[in-house]
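Residue numbers (the numbering used here): 294 to 374.
C-beta: ideal position from N, C-alpha, C; glycine also.
Since this is a predicted model, take the numbers as computed values, not measurements.
Structure first, then comments.
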């Protein structure tokens, strides 16, 4: 397993973080670190989380998160230890 940081830009709506966390829970992925904040005045939030994810499924997980309707953009990279 490798540690990845996932950066997500979302519409600031009720339940978005819940749906992202639910998707990770179904795959038994534990969030090690998370930060989320609203971008001033435009209804957009940024969410950053770090988790241990198997390299062979990280693309699939990111694509599934990207299908959440409020997700505007998503990127990931290996976390620096």
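In this structure, residue 344 places its C-beta atom within 7 Å of the C-beta atom of residue 322. The three-state secondary structure of residue 326, taken from DSSP, is strand.
For the 7 Å CB-CB criterion, residue 365 and residue 342 do not form a contact. In this structure residue 338 is buried. Its beta-carbon is surrounded by 16 or more other beta-carbon atoms within 10 angstroms. Nearest C-alpha to residue 357 among 374, 316, 335: 316. Taking C-beta separations shorter than 7 Å and ignoring five residues to either side along the sequence, the partners of residue 305 in its chain run 331, 336, 337, 338, following chain order. One alpha carbon belongs to residue 349, the other to residue 373, and they sit about 19 Å apart. Per DSSP, the continuous alpha helix (DSSP H) segment holding residue 312 begins and ends at 309-319.
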